[in-house]
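Asker: Shown below is the structure under consideration.
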Amino acid sequence: MTTAPEGVATSLDGRQFRFRSPVGTPFVPGGFVTLRDGASADATSRGGDAAGGSTGGSTGGEQLGQVDDLDFDGDDTLAGTGKLLGERRPDGSLDTGSTHPFAWASVDTADDDAVELVFRAAKATLDIGSLIGVADVRARLLAHRFNRHTFWCGQSGSGKTYALGVLLEQLLVDTALPMVIFDPNGDFVRLRELRTAVDTDDERELARKDIRVLRPGGAENALLARFIDFPMRSKAAVLRLDPIDDRAEYNALVHLDVKTEAQRPEGIVPALLASNDPAAEELGRRIENLRLIDWDVWAEGRDAVTDVLDERPDATVLDLGGFAYPDEHLVIALAVLDDLWAKRESRRPLLIVIDEAHNLCSPDDDRPLQRAVRERIIQIAAEGRKFGLWLLLSTQRPSKVHPNIISQCDNLALMRMSSPLDLEELGTIFGFAPPSLLAHAPGFRQGEALLAGGFVPAPMLVKVRDRLTEEGGADVRVPLRSPAR
Numbered sequence: 001m002t003t004a005p006e007g008v009a010t011s012l013d014g015r016q017f018r019f020r021s022p023v024g025t026p027f028v029p030g031g032f033v034t035l036r037d038g039a040s041a042d043a044t045s046r047g048g049d050a051a052g053g054s055t056g057g058s059t060g061g062e063q064l065g066q067v068d069d070l071d072f073d074g075d076d077t078l079a080g081t082g083k084l085l086g087e088r089r090p091d092g093s094l095d096t097g098s099t100h101p102f103a104w105a106s107v108d109t110a111d112d113d114a115v116e117l118v119f120r121a122a123k124a125t126l127d128i129g130s131l132i133g134v135a136d137v138r139a140r141l142l143a144h145r146f147n148r149h150t151f152w153c154g155q156s157g158s159g160k161t162y163a164l165g166v167l168l169e170q171l172l173v174d175t176a177l178p179m180v181i182f183d184p185n186g187d188f189v190r191l192r193e194l195r196t197a198v199d200t201d202d203e204r205e206l207a208r209k210d211i212r213v214l215r216p217g218g219a220e221n222a223l224l225a226r227f228i229d230f231p232m233r234s235k236a237a238v239l240r241l242d243p244i245d246d247r248a249e250y251n252a253l254v255h256l257d258v259k260t261e262a263q264r265p266e267g268i269v270p271a272l273l274a275s276n277d278p279a280a281e282e283l284g285r286r287i288e289n290l291r292l293i294d295w296d297v298w299a300e301g302r303d304a305v306t307d308v309l310d311e312r313p314d315a316t317v318l319d320l321g322g323f324a325y326p327d328e329h330l331v332i333a334l335a336v337l338d339d340l341w342a343k344r345e346s347r348r349p350l351l352i353v354i355d356e357a358h359n360l361c362s363p364d365d366d367r368p369l370q371r372a373v374r375e376r377i378i379q380i381a382a383e384g385r386k387f388g389l390w391l392l393l394s395t396q397r398p399s400k401v402h403p404n405i406i407s408q409c410d411n412l413a414l415m416r417m418s419s420p421l422d423l424e425e426l427g428t429i430f431g432f433a434p435p436s437l438l439a440h441a442p443g444f445r446q447g448e449a450l451l452a453g454g455f456v457p458a459p460m461l462v463k464v465r466d467r468l469t470e471e472g473g474a475d476v477r478v479p480l481r482s483p484a485r
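Okay, structure coming up:
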């Protein structure tokens, strides 16, 4: 005796399928299904070989698929669409390069073993959590597909930063890909601190990693930049100079490299003011008025952030939140991005993680220094992949990130997002994310996410796992009144 199939499907092209099923069957958008060709299903009901038979020109057999969309088709029927993921081989493995059309097939929800095949076939290894609705199957990402740009987003309280920490841990454990992390809120400064005693293989591997944390000020591990290393365009941005509108001062800056590169920063202004050159004097007053000499960001003979990155640590966390002057973090960002771009021909892979990316990638902020940082990120987004420079951008405000940057991303992680404007824009940019799954975003619980794009075997809804390391920027807890006695 056999169990009746939950639905009946057809596929004309061997890539997509349509199906109908009674209302109440457990199909959901994003769910995985097993499809058995009509002849194979008939053979199964007669006790024959389920892998044999042929119908409508197909090769027969069992295929795995995923439901994209589902809607009512009358009072007691559901109609849905989906995509085929692969064909089961005789040895039970999944051949993702082989799918075939069929005139009709039975459709059933895939069991855990079948869903596991999807991840094994794709060689997905980064354990990010569990599949929603299939809790016994680990949701895993394809490590090698982080050679594409990734967009990670979710509104405040969605668990976005915590989940990003989980991902960074897994990349450190499972790959040799170095990363630099722009951390404006101190969320990743404890990335080298394990939450528990070293016990698992992942924890042991993480404990061996070279993780540097650079902070503003201090004698050790200071977060510093060298003004002399900047290209002329970036120097002008720091000084708010336009080569045409401020041409005399700009020209003085061009010659400043030759005249004063050996001087300490505090000696530059007196030298300019005493130069008897009106343009140089104006440049000195500009530097003095902007109080650039007072900034703590300048290396002054010490190692700069670019020197640390040249040593290729496994991870370098840049704690950008503790500077006294509001533009110092932009100086660090520009120093790093300029240096990486200048050395791009070395083709040394690096993951550039930018948390709260709207702070560096805003399309609206047109101050010279902000514009210089944004334009360099746009350049890396457009051309960096072939040089091994890959972006991972995280934000709670997708609409506040320049569209020329988002449009270059091939991977999407979406956590709770209630803004219809943001969801509409994400749906337009990331056409590979099924609308039926994007629609779940307003109802996500903390730690739940939609993952879609090249770094997953198929779009999926996940519950993010616990972190291995301490979270640096956890919310402050509200003090509660002790119960009355």
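Just so we're aligned, residue 1 is where the sequence shown starts under the working numbering, counting upward by one. Glycine included, every Cβ here is placed at the ideal spot set by N, Cα and C.
Exposed or buried, which one is F19 when buried takes at least 16 other CB atoms within 10 Å?
Answerer: Its Cβ being crowded by 16 or more others within 10 Å, F19 is buried.
Asker: Grab me the residues of R286's own chain with a C-beta within less than 8 angstroms of its C-beta, minus the 5 sequence neighbours each way, in chain order.
Answerer: Cβ neighbours of R286 beyond the five flanking positions: L239, R240, L241, E249.
Asker: In whole angstroms, what separates the C-alpha of G321 from that of E116?
Answerer: Going from the Cα of G321 to the Cα of E116 covers about 42 angstroms.
Asker: Expressed to the nearest angstrom, what Euclidean distance is found between the alpha-carbon atoms of A51 and E62?
Answerer: Because the pLDDT of A51 is 38, which lies under 50, any placement of that residue in the model is unreliable, and the question is left without a value.
Asker: Can you check whether the CB of T109 is closer than 8 angstroms to the CB of G31?
Answerer: Their beta carbons are under 8 angstroms apart, which means G31 touches T109 by this criterion.
Asker: Mind the definition here: the segment 85-93 touches the segment 21-28 only if three or more C-beta pairs lie below 8 angstroms; say whether that holds.
Answerer: As far as the Cβ criterion goes, the segment 85-93 does not touch the segment 21-28, which means the pair count is below three.
Asker: Assuming L369 and L334 make a contact with CB atoms under 8 angstroms, what is their CB distance in whole Å?
Answerer: Correct: roughly 7 angstroms between the Cβ atoms.
Asker: Relative to the C-alpha of G431, which residue among A449, G454, R445 is closest?
Answerer: Checked all of A449, G454, R445; the closest Cα to G431 is G454.
Asker: With a 10 Å radius around its C-beta and 16 neighbouring C-beta atoms as the bar for buried, classify E356 as buried or exposed.
Answerer: That one is buried.
Asker: Would a check of beta-carbon distances place P363 closer than 8 angstroms to chain D?
Answerer: Protein chains in the displayed structure number just one, and chain D is not present.
Asker: Looking only at its own chain, which residues have a Cβ that is under 7 angstroms from the Cβ of D202, when we skip the five neighbours before and after it?
Answerer: So the qualifying residues of the chain are V173, L468.
Asker: Give me the Cα-Cα distance between V198 and L206, rounded to the nearest whole angstrom.
Answerer: Their backbone Cα atoms lie some 9 angstroms apart in a straight line.
Asker: Is F151 helix, strand or coil by DSSP?
Answerer: DSSP places F151 in strand when its eight states are reduced to three.
Asker: Helix, strand or coil: how does DSSP classify A439 here?
Answerer: Note: A439 maps to coil in three-state DSSP.
Asker: Going by CA-CA distance only, name the one from D296, R120, T428, E300 that's closest to L412.
Answerer: The option with the nearest alpha carbon to L412 is T428.
Asker: If L461 and L437 are in contact, beta carbons under 8 angstroms, what's the gap, nearest whole angstrom?
Answerer: At roughly 7 angstroms, the Cβ-Cβ gap stays under 8 angstroms, so L461 and L437 are in contact.
Asker: Going by Cα to Cα distance, which pick from P184, V189, D112, A304 is closest to H358?
Answerer: Nearest of P184, V189, D112, A304 to H358, Cα basis: P184.
Asker: Identify whether D422 lies in helix, strand or coil by the three-state DSSP scheme.
Answerer: Helix, per DSSP.
Asker: Do the segment 324-331 and the segment 294-303 touch if we need at least three Cβ pairs shorter than 8 angstroms?
Answerer: The answer is yes - the segment 294-303 touches the segment 324-331, with three or more Cβ pairs under 8 angstroms.
Asker: Contact check, L94 vs V118 under 8 angstroms by CB: the rounded distance?
Answerer: Yes, L94 and V118 are in contact; Cβ-Cβ is about 7 angstroms, under 8 angstroms.
Asker: Report buried or exposed for D245, applying the criterion of at least 16 other Cβ atoms within 10 angstroms of its Cβ.
Answerer: So D245 counts as exposed.
Asker: Determine the burial state of E261: buried for a count of at least 16 other Cβ atoms within 10 Å of its Cβ, exposed for fewer.
Answerer: Here E261 scores only 49 on pLDDT, less than 50, and its place in the model should not be relied on; the value that follows carries that caveat. It counts as exposed.
Asker: Hey, could you find the ends of the alpha helix (DSSP H) F119 is sitting in?
Answerer: It spans 112-122 - the alpha helix (DSSP H) in which F119 sits, taken as one unbroken run.
Asker: Could you compute how far the alpha carbon of F387 sits from the alpha carbon of Q379?
Answerer: One C-alpha to the other measures close to 12 angstroms.
Asker: With a CB to CB cut of under 6 angstroms and the five nearest residues on each side skipped, what residues in its chain are close to D42?
Answerer: In this prediction, D42 scores a pLDDT of 48, lower than 50, which makes its location untrustworthy; no coordinate-derived value is stated.
Asker: I'd like the list of long-range same chain contacts for L12, defined as Cβ closer than 7 angstroms, with 5 residues on each side in sequence excluded.
Answerer: Answer for L12: P101, listed in chain order.
Asker: Is it buried or exposed, P178, if we count other Cβ atoms within 10 angstroms and call 16 or more buried?
Answerer: Answer is buried; the Cβ neighbour count reaches 16.
Asker: Going straight from the alpha carbon of A9 to that of G443, what length do you get?
Answerer: Between A9 and G443, the C-alpha separation is close to 30 angstroms.
Asker: Using the Cβ count rule (16 or more neighbours within 10 Å means buried), how would you classify R46?
Answerer: Interpretation of R46 is limited by its pLDDT of 43, a score under 50 that renders its predicted location unreliable; the figure taken from the coordinates is listed afterwards. Burial call: exposed.
Asker: Between the alpha carbons of T99 and E425, how many angstroms are there, rounded?
Answerer: Cα to Cα, the separation comes out at about 32 angstroms.
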